[in-house]
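Quick note: the sequence shown, position 219, residue 237 per our numbering, numbers continuous.
Even for Gly, the Cβ is constructed at its ideal location relative to N, Cα and C.
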Amino acid sequence: MSNFKPSPRSRIAQIGHFIDPEHGAIIPPLQFATTFARDENHELIGNYLYSRYGSPTVAQAEASLAELEGATAAQLYASGLAGIVAICESLRSGDHMVMPRIMYHGAQAWMKRIAERRNIGLDVFETDDLESLAKAVRKGKTRLVWAETIVNPTWDVLDIARAAEIAHEAGALLAVDSTCAPPVTTKPLDLGADIVFHSATKYLNGHSDLTGGVIAGREPNAIWEDVAQTRTLLGSVMAPFEAWLLMRGLRTVFVRFEAISRSAERIASVLESHPKIERVLYPGLASHPAHGLAAEQMRNGFGGMMSILVKGGEAEARRFASHLQVFLPATSLGGVESLCEHRRTVEGPSSAVAPNLIRLSIGIEDPDDLIRDIDQALEQI
Ligand SMILES: *Cc1c(COP(=O)(O)O)cnc(C)c1O
Numbered sequence: 019m020s021n022f023k024p025s026p027r028s029r030i031a032q033i034g035h036f037i038d039p040e041h042g043a044i045i046p047p048l049q050f051a052t053t054f055a056r057d058e059n060h061e062l063i064g065n066y067l068y069s070r071y072g073s074p075t076v077a078q079a080e081a082s083l084a085e086l087e088g089a090t091a092a093q094l095y096a097s098g099l100a101g102i103v104a105i106c107e108s109l110r111s112g113d114h115m116v117m118p119r120i121m122y123h124g125a126q127a128w129m130k131r132i133a134e135r136r137n138i139g140l141d142v143f144e145t146d147d148l149e150s151l152a153k154a155v156r157k158g159k160t161r162l163v164w165a166e167t168i169v170n171p172t173w174d175v176l177d178i179a180r181a182a183e184i185a186h187e188a189g190a191l192l193a194v195d196s197t198c199a200p201p202v203t204t205k206p207l208d209l210g211a212d213i214v215f216h217s218a219t220k221y222l223n224g225h226s227d228l229t230g231g232v233i234a235g236r237e238p239n240a241i242w243e244d245v246a247q248t249r250t251l252l253g254s255v256m257a258p259f260e261a262w263l264l265m266r267g268l269r270t271v272f273v274r275f276e277a278i279s280r281s282a283e284r285i286a287s288v289l290e291s292h293p294k295i296e297r298v299l300y301p302g303l304a305s306h307p308a309h310g311l312a313a314e315q316m317r318n319g320f321g322g323m324m325s326i327l328v329k330g331g332e333a334e335a336r337r338f339a340s341h342l343q344v345f346l347p348a349t350s351l352g353g354v355e356s357l358c359e360h361r362r363t364v365e366g367p368s369s370a371v372a373p374n375l376i377r378l379s380i381g382i383e384d385p386d387d388l389i390r391d392i393d394q395a396l397e398q399i
């Protein structure tokens, strides 16, 4: 028995593997304290000083996430964007960074802004063509390659191992936003990435009731401490209650993601032959250009994100979305409830997204209801 080591899947179901020595409670308590006492020699009694630097409930969630990612450490942030801001803060004037041409819109807006204000060189690459990454990096000058898998909203797949080779040859770190391919299915650090990032708001929490971000890595890496310091100085650390809620969500991340993937695979294949749909973008479909790579790299399901191109144009797509009854018309993704969104409306006029594209985030409802809902909405356009 002494050698028995449960898998990450079992460990996350019993997060913290906790039994309260005083009461026998099996769920970890929530520690709200902002400040932590010293002993008679003025030494801190425990490992904590002040909540902006970190606190017990946050640290417990971080330890679970690090384990899930195969990382040595994780840092939790008040939002995904706050984590991205902290990573970008490690860049100095004159440095160079590379990002995908199509990626999460909010993060891209931040990267453009900081590059312009701080005189950081910024080039783009295509996720589905890593020759373009090899051309975009500058040896000895590029500090950071930011990449995303799977890419919102085309659901292209990043070849993480190849991207890591290219980044490392140039002397850069590879950070992968794996929000839509959570550690249930993809482990970027195992494939050579230096940092994995998630908006914890999405699949990791999975209940659309907290905002958070996490970065995980293997120490030492060139920017880890610097990024942690930025979090402390900015106070962008996640709050204890959010960390506790996140652990609650994480307990079911495997079953949620697997159920969602099963539903989504079925829905995508039914929709693909619908006469009012021009195209379905879903990496689980053999017709998706990145399906081969997805099948190799997404070990436990293709997830719940897909885009459908409605026949006609923007008007038809928007009319379709407005007639959906089970899908909720809202942004965000990765929750237990299915959501739909006309992506171009959200991204604004600068958007590179096709005008007839509707993004769907599949939840855990009855997949037959979701298919019937899409059918009836398509009939009404
Ligand atoms: C939502 C999202 C983010 C930003 O995270 P927030 O929690 O909204 O700050 C970053 N990347 C991807 C892929 C996302 O979906």
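- Start and end residues, alpha helix (DSSP H) containing residue 310: Unbroken alpha helix (DSSP H) run through residue 310: 309-315.
- DSSP three-state assignment for residue 124, whether helix, strand or coil: Helix, per DSSP.
- Message: So if DSSP puts residue 116 in a beta bridge, which residue, or which two residues, is it bridged to?
- Response: Answer is 141 and 163, bridged to residue 116.
- Who does residue 359 pair with in a DSSP beta bridge? In DSSP, residue 359 forms a bridge with 377.
- Task: Report the partner residues of residue 234 according to the DSSP bridge assignment.
- Result: Its beta-bridge partners are 92 and 214.
- Any heavy atom of ligand 1 within a distance shorter than 8 angstroms of the CB on residue 23? Checking the 8 angstroms criterion, the Cβ of residue 23 is out of range of every heavy atom belonging to ligand 1.
- Task: Count the CB pairs spanning the region 180-200 and the region 149-168 that are closer than 8 angstroms, and state whether there are at least three.
- Result: In short, these stretches touch, since the Cβ pair count reaches three.
- Message: Could you compute how far the alpha carbon of residue 248 sits from the alpha carbon of residue 132?
- Response: Taking the straight line joining both Cα atoms gives about 15 angstroms.
- If you follow the beta strand (DSSP E) that residue 296 is part of, which residue opens it and which one closes it? 295-299 is the span of the beta strand (DSSP E), which, as asked, contains residue 296.
- Could you tell me which of 68, 120 and 313 sits nearest to residue 204, measuring between CA atoms? For the residues 68, 120 and 313, the minimum Cα distance to residue 204 belongs to 313.
- Among the residues of its own chain, which have a CB less than 8 angstroms from the CB of residue 182, if the five just before and after it don't count? Within the same chain, residue 182 has close Cβ partners 192, 209, 210, 211 and 212.
- Under 6 angstroms Cβ to Cβ from residue 114, same chain only, skipping five residues before and after it: list those, please. The beta carbon of residue 114 lies closer than 6 angstroms to those of 139, 156, 159 and 160 in the same chain, with the five residues before and after it left out.
- Reduced DSSP secondary structure (H/G/I, E/B, other) of residue 344: It is coil, neither helix nor strand.
- Which of the three DSSP states, helix, strand or coil, is assigned to residue 152? Helix at residue 152.
- Task: Starting from residue 86, follow the alpha helix (DSSP H) in both directions and report where the run begins and ends.
- Result: 74-87 is the span of the alpha helix (DSSP H), which, as asked, contains residue 86.
- Message: For residue 245 and residue 93, which I take to be in contact (beta-carbon distance under 8 angstroms), what is that distance rounded to the nearest angstrom?
- Response: Contact between residue 245 and residue 93 holds: CB atoms are separated by about 7 angstroms, below the 8 angstroms threshold.
- Task: Identify the continuous alpha helix (DSSP H) that holds residue 389 and give its terminal residues.
- Result: From DSSP, the alpha helix (DSSP H) with residue 389 extends over 385-397.
- For residue 20, count neighbouring Cβ atoms within 10 angstroms of its own Cβ and tell me buried if that reaches 16, exposed if not. Exposed, by the Cβ-count rule.
- Item | Cutoff 6 angstroms; reference residue 284; Cβ partners in own chain excluding five residues on either side | Excluding sequence neighbours, residue 284 sits near 385.
- Task: If I'm right that residue 120 touches residue 169 with Cβ under 8 angstroms, what's the distance once you round it to whole angstroms?
- Result: Contact between residue 120 and residue 169 holds: their C-beta atoms lie close to 6 angstroms from each other, under 8 angstroms.
- Under 9 angstroms between C-beta atoms, does residue 381 make it to chain B? Considering every chain present, this structure includes no chain B. It has just one protein chain.
- Item | 8 angstroms contact criterion, which residue 171 and residue 371 should meet: CB distance rounded | At roughly 6 angstroms, the Cβ-Cβ gap stays under 8 angstroms, so residue 171 and residue 371 are in contact.
- Query: With residue 399 and residue 332 assumed to form a contact (beta carbons below 8 angstroms), what rounded beta-carbon distance in angstroms separates them?
  - Reply: No, residue 399 and residue 332 are not in contact; Cβ-Cβ is about 12 angstroms, not under 8 angstroms.
- Taking 8 angstroms as the line, does the beta carbon of residue 220 fall inside it for any heavy atom of ligand 1? At least one heavy atom of ligand 1 is found less than 8 angstroms from the C-beta of residue 220.
- Task: Please indicate yes or no: does the CB of residue 195 lie closer than 8 angstroms to some heavy atom of ligand 1?
- Result: Result yes, Cβ under 8 angstroms from ligand 1.
- Message: For residue 260 and residue 392, I'd like the C-alpha separation in whole angstroms.
- Response: Those two C-alpha atoms are separated by around 34 angstroms.
- Once you ignore the five residues that flank residue 48 on each side, which residues in its own chain have a CB closer than 8 angstroms to its CB? By the criterion of a C-beta distance shorter than 8 angstroms, residue 48 is surrounded in its chain by 75, 258, 259 and 262, once the five residues flanking it on both sides are discounted.
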